[in-house]
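Read through the structure below, which is laid out as structure tokens, and then see the notes.
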Amino acid sequence: MQFETLTDGPSLQILHLGSYDDEPASFAKLASYATEHGLKRRTLAHKEIYLSDPRRIVASKRKTVLRWLMTTDEA
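Just so we're aligned, residue 1 is where the sequence shown starts under full-length UniProt numbering, counting upward by one.
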């Protein structure tokens, strides 16, 4: 096993509260913010950081960080 430090670079994230099925509303907020600030996604992939254990926390109370990698390049 080896531990490494990974750097995402510029990113945009939101704390999503609730069911995983409701994540599209949080992604829409990210998209709106990115458009308003001239930010572009580096990739269509996203990261999800689960702060709540779905085995112990009801869906309506789950916390998940949703993150997009961003760039300000016009290219």
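Note that CB positions come from ideal geometry on N, CA and C, so glycine has one too.
(message) For Tyr50, which residues in the same chain have their Cβ closer than 6 angstroms to its Cβ, ignoring the five residues on either side in sequence?
(response) Within the sequence shown, the letter at position 50 stands for residue 50. Here the set comprises Thr64.
(request) Can you check the UniProt domain "GyrI-like small molecule binding" (1-56) for any alpha helix (DSSP H) of at least 4 residues that lies completely inside it and give the ranges in chain order? (result) Counting only runs of at least 4 residues, the UniProt domain "GyrI-like small molecule binding" (1-56) fully encloses the following alpha helix (DSSP H) elements, listed from N- to C-terminal order: 23-36.
(request) Report the rounded CA-to-CA distance for Gln13 versus Arg62, giving the unit in angstroms. (result) Here residue 13 corresponds to residue number 13 of the sequence shown, with the count starting at 1. Here residue 62 corresponds to residue number 62 of the sequence shown, with the count starting at 1. Whole-angstrom Cα-Cα distance: 16 angstroms.
(message) Between which residues of its own chain and Tyr11 is the CB-CB distance below 7 angstroms, once the five residues before and five after are set aside?
(response) In the sequence shown, residue 11 corresponds to position 11, counting from 1. This sequence places Ser at residue 11; Tyr is not what is there. Arg67, Trp68, Leu69, Met70.
(request) Verify whether the separation of the beta carbon atoms of His37 and Ser26 is less than 8 angstroms. (result) The residue given as residue 37 occupies position 37 in the sequence shown. The residue given as residue 26 occupies position 26 in the sequence shown. No, the pair does not count as a contact, with Cβ atoms beyond the cut-off.
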